[in-house]
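A.B. asks: Heads up: the sequence shown runs through residues 9 to 241, numbered per our numbering.
Using N, Cα and C, we set each Cβ at its ideal position, and we do this for glycine too.
Have a look at this one before I ask anything.
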Amino acid sequence: MPKVKKVPFQFTNEIHNGKHILTLSGNVQKKYWNDDDVINAKDIRETLDPVTDDIVIKLNSPGGDAFEGIEIYNYLKSHSSKVTVEVIGLAASAATFILAGADEVIMNVGTSLMIHEASTLTWGNKQDIQKTLNALETIDESILSIYSEQTGQTHEQLENWMNEEKWFTADEAVEFGFANSVKREKQQEEPQDIAAMIQNAVAIAMANVQQPVTNQLEEPKTKSLVARLKKGE
């Protein structure tokens, strides 16, 4: 797995327009000490357990511990509120499980997503290495089942992507089912067709020119009618 630049830690929550907004930035890891600056299931659970409003999670994370990410995934899946995850930077590795646990996923322009096989460090004899290999294969199967349910992609396709440590742009994440939409600035209205503008302008000008002529043609008829009425005709 390529080394990803450390993402500064942030864990804040606020209420805005009837929604509970939780900002998560940093590595996904189990929290062992109170001052550990990590995204973890315990803090998320304690923060969101009493929440009944819609939840928006703004996420920027290079990932971390697969087991911690899967625990967060299952917690979000079971939460009674509507959960929307909005990627504001990076969602990689174990952080992608947080996306998978949401009801809706929004990618901001320029954000990215990355998936890969489970990895670890180990040492020992060949039996120890084999046990680690078996564990990694089991974890990969669990990850595949999560991604398959989220995206609808086949296990074979997902496994190929994981093997190559696949990176997705925001639009690709939507295309392949990891996200629902890309958040873009409202586009300015397209200018009206030039030919149509000229045609409309000519039509208005012609109408203005013809109006006085019509009045002039009708004016003698009006005077003649008045004269005849005066004569009693």
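1. Looking only at its own chain, which residues have a Cβ that is under 7 Å from the Cβ of Glu76, when we skip the five neighbours before and after it?
2. Can you tell me where the alpha helix (DSSP H) with Ser33 in it begins and where it stops?
3. With H, G and I counted as helix, E and B as strand and the rest as coil, what does DSSP make of Gly185?
4. Nearest CA to the CA of Ser64: which residue from Glu94, Asp51, Asn42 and Tyr81?
5. In three-state terms, what does DSSP make of Lys191?
6. Assuming Ser69 contacts Ser33 (C-beta within less than 8 Å), just tell me the rounded distance between them.
7. Alpha carbon to alpha carbon, how far is Ala181 from Thr20? Give it in angstroms, no decimals.
8. Check for me: the beta strand (DSSP E) holding Lys139 runs from which residue to which?
9. Whole angstroms are fine: how far does the CA of Asp111 sit from the CA of Asp61?
10. Pull up the distance between the alpha-carbon of Asp51 and that of Val59, whole angstroms please.
11. Using the DSSP secondary-structure output, state which residues sit across from Ser86 in a beta bridge.
12. Count the other C-beta atoms from every protein chain shown that fall within 10 angstroms of the C-beta of Leu67, then say buried if there are 16 or more, exposed otherwise.
13. Going by beta carbon distance, what residues of the same chain come within less than 7 Å of Trp169, once the five residues before and after it are set aside?
14. Hey, would you say Leu84 sits closer than 8 Å to Ile106, going by beta carbons?
15. Are the Cβ atoms of Ile96 and Asn116 separated by less than 8 Å?
16. Leaving out the 5 sequence neighbours to the left and right, which residues in its chain are closer than 6 Å to Leu237 when beta-carbon positions are compared?
17. Just to confirm, are Leu166 and Ser156 a CB contact at a threshold of 8 Å?
18. Which of the three DSSP states is assigned to Thr230 in this structure?
19. Taking the alpha-carbon of Asn188 as reference, which of Lys27, Ala108 and Tyr40 has the nearest alpha-carbon?
C.D. replies: To lay it out plainly:
1. For Glu76, where only same-chain residues beyond five positions count, the Cβ hits under 7 Å are Val36, Gln37, Lys38, Asn48, Ala49 and Ala102.
2. No alpha helix (DSSP H) contains Ser33, which is instead part of the beta strand (DSSP E) from Lys27 to Val36.
3. Of the three classes helix, strand and coil, the one that applies to Gly185 here is coil, per DSSP.
4. For the record, residue 64 in the displayed sequence is Val; it is not Ser. The shortest Cα separation from Val64 among Glu94, Asp51, Asn42 and Tyr81 belongs to Glu94.
5. Of the three classes helix, strand and coil, the one that applies to Lys191 here is strand, per DSSP.
6. About 7 Å separates the beta carbon of Ser69 from that of Ser33, a gap short enough to meet the 8 Å contact definition.
7. Taking the straight line from one Cα to the other gives about 26 Å.
8. First-last for Lys139: Lys134 to Thr159, but that is the alpha helix (DSSP H), not the beta strand (DSSP E).
9. Distance between the alpha carbons of Asp61 and Asp111 is about 14 Å.
10. In this structure, the alpha-carbon of Asp51 lies about 13 Å from that of Val59.
11. In DSSP, Ser86 forms no bridge with anything.
12. With 16 or more Cβ atoms within 10 Å of its Cβ, Leu67 is classed as buried.
13. In the same chain as Trp169, and ignoring 5 residues on each side of it, the C-beta atoms closer than 7 Å to its own belong to Ile123, in chain order.
14. In this structure, Ile106 lies closer than 8 Å to Leu84 by Cβ.
15. Yes, the Cβ-Cβ distance between Ile96 and Asn116 is below 8 Å.
16. With a pLDDT of 49 at Leu237, under the threshold of 50, the predicted position of this residue should be treated as unreliable, though the coordinate-derived value follows. Cβ neighbours of Leu237 beyond the five flanking positions: none.
17. Yes, they are a contact pair.
18. Caution is warranted here: a pLDDT of 49 is assigned to Thr230, below 50, making its placement in the model unreliable, and the coordinate value is therefore given only provisionally. Thr230 carries a helical assignment under DSSP once its states are collapsed to helix, strand and coil.
19. In this structure, Ala108 is the residue among Lys27, Ala108 and Tyr40 with its C-alpha nearest to the C-alpha of Asn188.
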